[in-house]
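Report on the following structure.
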Amino acid sequence: MLSVIRRSCNSGSACTSSRRAWRKAAAPALFLAGMLTAQPAAAQKIYPNEPLMMDPYATIYVNDGSCSAGKVLRVQGAPRNQRRKKSCVPMSDLQSTVRPAAAK
Numbered sequence: 027m028l029s030v031i032r033r034s035c036n037s038g039s040a041c042t043s044s045r046r047a048w049r050k051a052a053a054p055a056l057f058l059a060g061m062l063t064a065q066p067a068a069a070q071k072i073y074p075n076e077p078l079m080m081d082p083y084a085t086i087y088v089n090d091g092s093c094s095a096g097k098v099l100r101v102q103g104a105p106r107n108q109r110r111k112k113s114c115v116p117m118s119d120l121q122s123t124v125r126p127a128a129a130k
C-alpha cells in the first residue's frame, strides 16, 4: 500500500505538501490525546524508600512504613549542610492536591 502511494507521489510536489500537512496535524492531535489520557494522580509518585540524593526544595512521598497506617512520609529536599524536612501526611491529602497549572 505504501509503495503504491510512494510511486504516485514521486512525480509531483503536491504530494509532499500533503505529507507535511498530515505531519503538522498529527503532532498536536497526539499531544492532545496524551494530555486527555493522563491522570492527575499519575504525577504523584510514591517511593518505597528515601533516595540518598535529592534536589534542593523538591518534595517526594515515601511509603516505607515509618508513618502510621494511611499516612506517607513527605520529604522536602534542602540545600547543602541542612537537614531534610520530613512529616507524615494522610494519603487523602496527597490524592486531593490540585496542581496550580490545572486549577482555573
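According to our numbering, the residues represented by the sequence shown are 27 to 130, in order. Virtual Cβ for every residue (Gly too), placed ideally from N, Cα, C.
Exposure label - residue i; buried when at least 16 CB within 10 Å
i, result
"Ile86", "buried"
"Leu99", "buried"
"Ser29", "Confidence at Ser29 is low in this model, with a pLDDT of 49, below 50, so the placement of that residue is unreliable and no value is reported for it."
C-beta contact flag for residue i and residue j at 8 Å
i, j, result
"Ala104", "Pro77", "no"
"Val101", "Arg110", "yes"
"Lys97", "Pro116", "yes"
field: Whole beta strand (DSSP E) elements within the segment 48–112, 3-residue minimum
entry: DSSP runs (the beta strand (DSSP E)) wholly in the segment 48–112: 85–88, 97–102.
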